[in-house]
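Chains as they are written, first to last, in my numbering: chain E, 158 to 897; chain S, 887 to 1224; chain U, 14 to 182.
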């Protein structure tokens, strides 16, 4: 039997469409009756709208409507009915609801015109008068009013209760470190701005939305506008990146639907890059980590406290501190997580939400501990290796982190590191080597999938999940091609359509394991169906063959012990008089397994930096990221996922920072010129290693890869900067000024 | 972006007549900054006069041994021009340190001089800014100001000039050729950009209707003893926090003359002739370079977030002069700083 | 002097797009990017920032790479524009497009057409020889998915293929 596609390096099946510009994104679908909406954003952070002057805007040729809170279609204001799958507790923001302003950049009007240029020109003429109130956007100013969120967010475990005697153990520990850590506010900034194109079709809506879950958008629109289920279909075949910003329906969707319903025509609303800074972001989180250890570096106490910002109207939550009770073995642990309200939009999930933040602080503190204890940072991590999840008191379903440390260190050349900070140089540059651990939960969600085989031998797999650049199209094609023994070119994958079998939002790295498992189950059901028809054929060579006695390969079902005895799928279908056969499967995670085991992905990230100390210039010259994440479905797309996470980690360590003006309550550098994401020049050599890891949480052994690449990456870089310079910068990003 | 009317000029005279007669008219060439600002509604011209078809695309030798660069020569053509690469490598390097290949292909020589500041408050019509809306106040003072001026700022504006090319042009003592309704004139580079004072809305000394026709460079100097050192928040495609254009004339191991200009620190490329005088007759050394840096930064004042720029600029000057003296100019693709 | 008012549709521009002559009525404020995307439905050219700060809109105008978001259509009257759709299509991809697929030089695909147009111009410009030079001269194209190392691999592969072809000739 030939090698399968799963596990190989399969180029993206959607690649040719993407490289030729034929892949269409939400804001790119044309319609004869299309009107263009341009959003007007609030310039104040808090207060209320006193009046609009719309005269000049209305007089602009081509303008067809201006929606404001005074003039918009009815929406439900019942909190329950506009909650979405990823909503935290609270009252979700509804654009144009009333005259109140709750954050800077909040949409206050939508100008709709026959052309984009007319809408943009008229939007520039809208005058809004506000009554402004003082706003607070810095969580540090709200530290004293921090609170334990009364309602917990679904799917986000609160910190586990304390164990042992963390305070006593810390006081008694011979080696201890403690520090305050903070990461600047980051905005997701996918390259594709958020956009919605709403086709109005005689009262029914076809919505092209930039979103990570079409079913989420569909339910949101149906509930928000009180529409019949059958009147709304949502499509997102291609998504130009999201990183969490597409988990919740964003305000451009609501505005586009409002305008389409009001005007009874198709409407597109695309946000500007500036407006990409007017909704979700990675929350500003104040963290304190205190570690106590023995002289050998073995942990005796871990305390990790966090205060994260949220909006005035929702209690966004993520798991920030839990990781500190999980990654290392320690019997005395106390973890706390509280919120404080600021006058911004609600923060949200951004790549590895919570873990990226919390593990950065933990891994920087562990590095500090290693220097304090004079133990090699890698050795210290090995000495504290957790063999069991002490938070939940469970064994791991699998954990090959030790192999990550070993293989990563070898590939990176960790042994060349000299222990003292500032001890390695090359020319003028100080050289630094740093390491950090990464961790992310291996999650799964119920998913459904359908597999359809047609008489021409072509297979289609369908699921409402998304491909936001992750490679979903390709891994589903690989799984399905292997399941039925077909060339991958004979497999079509349909996703990103709310009319397809159910999938929740694509996030948390659960899509591959969940949609992949559902697809495999659907294909398995199809195999049974094929065999049934093949056996029923007159004089069938497979007459008595059971499912485990046959193989499906090359478009034929054959006896395993005698491959010459086979029947083509086409013949099987033909003899049954079928043009197509179809099977649907519903996948749900194995709850018993989940009760018994803790399932996580792990990484060891090694970073090499060169620092021109005099000028504060840091270059990340090499990263090795060794990953343990169960079965790797596609070496190529999996590697890319990790590369992407690492690059975003470099951005977090060195570049990314949304800077608020505390008087205006506004992020000021709201563009790609002044909000720096890494450029080509900032990214040199990155090596990705996948270590073997067998896991049984699902039949394919998949754990997911979307998040793990970023977790620990920023810490590895920051730790390398310390090793190079002897300067411990605890607040990221490490911009040149912090090293002078 | 406001709607506007459009006119395409076929001659310099026609262009000048079209703009000088209309207070709301502006010239447009590469558009890399003006169109950007119009989209933010920072610039709201009523009419654009397209000058891209004017015959201002030549790089010609001058009688004085220098070159005269037509105002419409794209930045990339200028940087890659064989004479410029050979005789004015400092200029080529500064150009290639800025923006991106795409922007350099579109941006013109004249337009580069007319780039407006990257101040966040200037760009954000929802924020106060005396440069954009005179009298509305300066948001950057007391606000977010890590990219702002440490030299020559005023109570009403702390913006910086964002160009890289202009820093080199300052060190090379270029001359700007201008045509206007009153005829032609030349402006020493020094006098082209201005400090904000109480009129920050004016970036330069051009009068309405005046058109840059060329930038002239005197005969080449410095030989291999030059550098353009740019420090920024990411390694490419970012504006300078601090940049230094430096050129030295060496006689044996003695500095005969020097030119040093700083970018990213003031409302214009910053030169202090006294600092250059200090270097004359000195042997290249960190002490001598440090003294010149002190003089260049005399009177520097931080605004909070940008306090670090004073020390960063001081160190950058020293390093740039070391690079120039050693004839090891900073390469723009190799991110290690020698 | 050509003079037109600011109204939508006030001005007629003639362009050659991917070898095909096009004559359209636009507003003076219409950019080449919006003309391509909204009028010609050539949506392969992407709008990432609309400010010249990301490179997603990169096209070739008269053979040179530029940010089409900052180009007013009216100013490009008479010029030749090549977009990603003009480089190649599935079944007949340009070598650079092939290389991007082979090296997985993209994830979400949104910056990809701009990266490819930029890389094609980079090769033609002939200024990049090393990986460091490729990186620097491709830095005008941001990629949030972080496919940078794979993009450089793809560019290098095509560059190497071109170099060995030259050597053989």
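For every residue, glycine included, the Cβ atom is placed at its ideal position computed from N, Cα and C.
{"Check": "Do you know offhand how far residue 697 (chain E)'s Cα is from residue 691 (chain E)'s?", "Outcome": "7 Å"}
{"Check": "Kindly give me the distance between the Cβ atoms of residue 632 (chain E) and residue 790 (chain E), rounded to whole angstroms, as I take these residues to be in contact under 8 Å.", "Outcome": "4 Å"}
{"Check": "Kindly indicate which three-state DSSP category residue 553 (chain E) falls into: helix, strand or coil?", "Outcome": "strand"}
{"Check": "Check this for me: beta carbons of residue 999 (chain S) and residue 928 (chain S), under 8 Å apart or not?", "Outcome": "no"}
{"Check": "Out of curiosity, what's the CA-to-CA distance linking residue 165 (chain E) and residue 176 (chain E)?", "Outcome": "22 Å"}
{"Check": "Using 8 Å as the limit for Cβ to Cβ distance, is residue 390 (chain E) near chain U?", "Outcome": "no"}
{"Check": "Beta-carbon of residue 837 (chain E) versus every beta-carbon of chain S: anything under 8 Å?", "Outcome": "yes"}
{"Check": "If you follow the beta strand (DSSP E) that residue 264 (chain E) is part of, which residue opens it and which one closes it?", "Outcome": "264-270"}
{"Check": "Taking the straight line between their C-alpha atoms, what separation do you get for residue 159 (chain E) and residue 167 (chain E)?", "Outcome": "Legend: pLDDT at residue 159 (chain E) = 46, less than 50; position of this residue unreliable, value from coordinates given subsequently. Cα to Cα, the separation comes out at about 15 Å."}
{"Check": "Return the first residue and the last residue of the alpha helix (DSSP H) that residue 409 (chain E) is part of.", "Outcome": "408-420"}
{"Check": "Check whether the region 350-358 of chain E touches the region 518-538 of chain E, taking contact to mean three or more Cβ pairs, one atom from each stretch, closer than 8 Å.", "Outcome": "no"}
{"Check": "By DSSP, does residue 159 (chain E) sit in helix, in strand, or in coil?", "Outcome": "Annotation note: pLDDT 46 at residue 159 (chain E) (below 50); position unreliable, coordinate value reported separately. Coil, per DSSP."}
{"Check": "Along the alpha helix (DSSP H) that carries residue 378 (chain E), what are the first and last residues, could you check?", "Outcome": "371-382"}
{"Check": "Going by DSSP, what residue range makes up the alpha helix (DSSP H) through residue 181 (chain E)?", "Outcome": "From DSSP, residue 181 (chain E) is part of no alpha helix (DSSP H); its letter is neither H nor E."}
{"Check": "For the region 618-635 of chain E, list every residue whose C-beta sits within 8 Å of some C-beta in chain U, in sequence order.", "Outcome": "625, 626, 627, 628"}
{"Check": "Below 7 Å on C-beta distance, what does residue 922 (chain S) contact in chain U?", "Outcome": "64, 65, 83"}
{"Check": "Quick one: measure Cβ to Cβ for residue 759 (chain E) and residue 590 (chain E), integer angstroms, because I've assumed they're closer than 8 Å.", "Outcome": "No, residue 759 (chain E) and residue 590 (chain E) are not in contact; Cβ-Cβ is about 20 Å, not under 8 Å."}
{"Check": "Among the candidates E:233, E:278, E:505, whose CA atom is the shortest distance from the CA of residue 220 (chain E)?", "Outcome": "E:278"}
{"Check": "Less than 8 Å separating the beta-carbons of residue 896 (chain E) and residue 773 (chain E)?", "Outcome": "yes"}
{"Check": "Count Cβ pairs between the region 599-607 of chain E and the region 558-576 of chain E that sit closer than 8 Å; are there 3 or more?", "Outcome": "no"}
{"Check": "Given a cut-off of 8 Å, decide if residue 1106 (chain S) and residue 973 (chain S) are closer than it, judged by their beta-carbon atoms.", "Outcome": "yes"}
{"Check": "Using DSSP bridges, identify the partner residues of residue 356 (chain E).", "Outcome": "E:363"}
{"Check": "Let me make sure I understand the geometry here. Which of E:598, E:233, E:256, E:261 has the alpha-carbon closest to that of residue 249 (chain E)?", "Outcome": "E:233"}
{"Check": "So which of S:1052, S:1015, S:1039 has the shortest CA-CA distance to residue 1192 (chain S)?", "Outcome": "S:1039"}
{"Check": "Near residue 614 (chain E), which residues of its chain fall below 8 Å by C-beta distance, leaving aside the five closest residues on each side in sequence?", "Outcome": "643, 647, 712, 725, 726, 727"}
{"Check": "By the three-class DSSP mapping on this structure, what secondary structure does residue 761 (chain E) have?", "Outcome": "strand"}
{"Check": "Quick check: the region 469-479 of chain E against the region 399-414 of chain E, are there 3 or more CB pairs under 8 Å?", "Outcome": "no"}
{"Check": "Report yes or no: is there a C-beta of chain U within less than 8 Å of the C-beta of residue 889 (chain S)?", "Outcome": "yes"}
{"Check": "Between residue 244 (chain E) and residue 497 (chain E), which are expected to be in contact by the criterion C-beta below 8 Å, what is the C-beta distance as a whole number of angstroms?", "Outcome": "About 20 Å separates the two Cβ atoms, so there is no contact after all."}
{"Check": "Taking residue 57 (chain U) as the reference, which of U:63, U:119, U:71 has the closest Cα?", "Outcome": "U:71"}
{"Check": "Could you check if residue 1140 (chain S) is buried or exposed, using at least 16 other CB atoms within 10 Å of its CB as the buried criterion?", "Outcome": "exposed"}
{"Check": "When you compare only the Cα positions, how much space is there between residue 628 (chain E) and residue 129 (chain U)?", "Outcome": "20 Å"}
{"Check": "Could you work out which residues of chain S lie near residue 816 (chain E), taking near to mean beta carbons separated by less than 7 Å?", "Outcome": "1030"}
{"Check": "With residue 284 (chain E) as the anchor, note down where its beta strand (DSSP E) starts and where it stops.", "Outcome": "284-289"}
{"Check": "If we count the other Cβ atoms within 10 Å of its Cβ and call it buried at 16 or more, is residue 174 (chain U) buried or exposed?", "Outcome": "exposed"}
{"Check": "Please tell me whether residue 346 (chain E) has its Cβ less than 8 Å away from any Cβ of chain S.", "Outcome": "no"}
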